[in-house]
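Residue numbers 2 to 481, in our numbering, belong to the letters of the sequence shown in order.
The beta-carbon is built from N, C-alpha and C at its ideal position, and this holds for glycine as well.
This structure is a prediction, so every number in the text was calculated from the model and none was measured.
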Amino acid sequence: MLDIGLSVVSLARFQFAMTTVFHFFFVPFSIGMGFLVAIMETIYAVKKDKVYLNMAKFWGKIFLLSFAVGIVTGIIQEFQFGMNWSEYSRFMGDVFGAPLAIEALLAFFIESVFIGIWMFTWDRFSPGWHAFMIWMTSIGTMLSAIWILAANSFMQHPTGFKINNTTGRIQLTDFGAVVANPQLWRVFPHVILAAFMTAAVVIAGMSAWGLLRKKKDENHFFKTSLRFGLWASLIFAICSAGAGDFQTQQMIKDQPMKFAATEGIYKDTKDPAPWTVVELIDAKDHKATNKVDIPGVLSLLTYHKLSGSVKGMNTLNKELHAKYDKQFGKDMNYYVPAKTLFWSFRVMTGIDALIMLVSFVGLIFSRKKKDTIESHKWMLVVLGICLWVPFIGNSAGWFITEFGRYPWIVYGLFTIAQAVSPTSTVASLLFSNIVYFLLFTLLGGVMIWYCRQTLHHGPYFEGEDDKQNVDPFAKEAFGR
């Protein structure tokens, strides 16, 4: 054992967090970009405006890059279930395996087949049929999200199962209940809308950098892309906020400790409940000080009315002990990482509000009757910088989802400590953490470099592969 003050559980958790967050950089981006490219190509098929065909081709290259990196990071993430979480796999495998198998056999099959057809058939189908290919690809990516979220939603709110008293493992008894899990259908809209928003912000941001280059032949392309991205980011940011409230109502019901932590509440609030803007959290002594409150707002956010108190983490901890002491013992700590959840929630919602504001201002500056955005370089720079912002917001949202389930890996049934592989060691986890970090850094760097190169070449650049455009099975493809 390598004794440097680290534990197997903490290192395994860090590795899961690192791989999941990095994978989640690309999944929403890929889903959203596929959807928006499908809209672009559909507009071209209907209006026959060639700028939208060029947009679909150009932003389609960015989509393909994110899709490829997302697959690689997803494969790396799957290694962990065998490496670090074998006890979880044994306990949860009967339920966890079903949606993941369907995701691979159905959803991933659809997106993989149609993305290949879409890539190589720009001149072989009519615009409508070619747009159909990218729509099928986009639908496949969203179906993948449904099945992945179905597995995760079971971990948040188990349904349709029983515990085998002989083996102590979960057995699936009602697959329909797993699919109909209320957690799934509250989480899915929020994730998907955030994915659309992410891609839209990236399109707007990269278009802003494109306009700053001041190439006259690219001006119309990037101006159209900018307006498209700004409208999409504004619409989906507003919709994402609504979906977030929809999801929060289920979180209040199923995981009140998580909700209390996002609001930094240790003691039960008064009625009506004030909303805390900022505070100092003492996680060790379970108290919060130096609060800045807005009276009554939390009751409105929680119950959609101007009355009602909210239970604090201290009260909820006592309730959880009363419920689970016989199963998990009196020494169990049910307090979630309050600092992480409190600030993650504010980062997530703050970023959503920022995107709404920046998108709205950008649309005002770029409106057709008074298009002045190119003379306001500061606005283009702000839009360019903001392309990184939704990735931070998505990560903050994922922190809330995963950290808020502590101390369970399957809520109320199986703890994180129980789930770790018995053969994992501190040394092996340190080594794999370092390897994964370096690999992810390389992948991320390659992705950023290729996106930058694509933007640098512009929308009308043709590489050697583009110029050839021959049947991949023709003799010309193999040389003479």
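Cα-Cα separation, Cys240 to Phe197: Roughly 10 Å separates the two Cα atoms.
Rounded to the nearest angstrom, how far is the Cβ of Leu194 from that of Ala244, given a contact under 8 Å? Yes, Leu194 and Ala244 are in contact; Cβ-Cβ is about 5 Å, under 8 Å.
Given a cut-off of 8 Å on the beta-carbon distance, is the pair Ser67 and Phe115 in contact? no
Near Ile147, what residues of its chain come up, given a Cβ to Cβ distance below 7 Å and the 5 sequence neighbours on each side ignored? Phe189
My guess is that Arg368 and Met156 are in contact by the Cβ rule of under 8 Å, so how many angstroms apart are they, rounded? Between Met156 and Arg368 the Cβ distance is about 46 Å, and since that is not below 8 Å, they are no contact.
Taking 8 Å as the threshold, find out whether the stretch 137–144 comes into contact with the stretch 207–215 through three or more Cβ pairs. no
If distances are taken between C-alpha atoms only, which option among Ser226, Leu414 and Phe36 comes closest to Asn165? Leu414
Measure how close the beta-carbons of Ile282 and Ala289 come, nearest whole angstrom, since I'm counting them as under 8 Å. Between Ile282 and Ala289 the beta-carbon gap is near 5 Å, inside 8 Å, which marks them as a contact.
Given a cut-off of 8 Å on the beta-carbon distance, is the pair Thr225 and Met448 in contact? no
At the level of alpha carbons, what is the spacing between Phe59 and Pro460? 5 Å
Cutting at 7 Å between CB atoms, please list the residues of its own chain near Phe361, excluding the five before and the five after it. Excluding positions up to five away in sequence, the list reads Leu235.
Classify Trp86 as helix, strand or coil using the three-state DSSP reduction. coil
Identify every run of the beta strand (DSSP E) within the stretch 227–256, keeping only runs that are complete inside it and at least 3 residues long; order them along the chain. none
From the DSSP output, in three-state form, read off Lys58 for me. helix
Rank Ile44, Leu65 and Pro408 by C-alpha distance to the C-alpha of Thr455 and give the top, closest one. Out of Ile44, Leu65 and Pro408, Leu65 has the C-alpha closest to the C-alpha of Thr455.
Alpha carbon to alpha carbon, how far is Lys492 from Gly351? With the chain covering only 2 through 481, there is no way to say anything about residue 492.
Between Arg214 and chain B, is any beta-carbon pair separated by less than 8 Å? The structure shown has no chain B; it contains just one protein chain.
Here's the rule: buried if 16 or more other CB atoms are within 10 angstroms of the residue's CB, otherwise exposed. What is Pro391? buried
For Thr416, the three-state DSSP class (helix, strand or coil): In the three-state scheme derived from DSSP, where H, G and I count as helix and E and B as strand, Thr416 is classed as strand.
Under the three-state DSSP convention, the category Val411 falls into: Three-state result, Val411: strand.
Can the beta-carbon of Ala233 be found less than 8 Å from the beta-carbon of Ala201? yes
Residue environment, Pro423, which counts as buried when at least 16 other CB atoms sit within 10 Å: By the 10 Å Cβ count, Pro423 comes out exposed.
From the DSSP output, in three-state form, read off Asp283 for me. strand
Checking the sheet assignment: what are the DSSP bridge partners for Val188? DSSP, once it has assigned bridges, lists no residue as partnering Val188.
Using C-beta distances below 6 Å, list every residue in its chain close to Ser433, excluding the 5 sequence neighbours before and after it, in chain order. none
Unbroken alpha helix (DSSP H) run spanning Phe17, endpoints: Val9 to Lys48
May I have the straight-line CA-CA distance separating Leu1 from Gly206, to the nearest angstrom? Nothing about residue 1 can be reported from this structure: the residues present for the chain run from 2 to 481 only.
Would you mind giving the Cβ-Cβ distance between Val421 and Val10, rounded to the nearest angstrom? I have them listed as a contact below 8 Å. 6 Å
According to DSSP, Ile374 sits in a beta bridge with which residue or residues? Ile374 is not bridged to any residue.
Quick check: the stretch 317–332 against the stretch 293–305, are there 3 or more CB pairs under 8 Å? no
Helix, strand or coil at Ile118 according to DSSP, with G and I counted as helix: helix
Residue environment, Glu463, which counts as buried when at least 16 other CB atoms sit within 10 Å: exposed
Span of the beta strand (DSSP E), counted from its first residue to its last, around Ile289: According to the sequence shown, residue 289 is Ala rather than Ile. Counting along the chain, the beta strand (DSSP E) containing Ala289 begins and ends at Lys288 to Ile295.
Flag this pair as yes or no: are the beta carbons of Leu299 and Thr270 separated by less than 8 Å? Contact flag set, yes.
Within this structure, are the beta carbons of Asp272 and Gly309 separated by less than 8 Å? yes
Does the separation of the CB atoms of Phe400 and Thr442 fall below 8 Å? no
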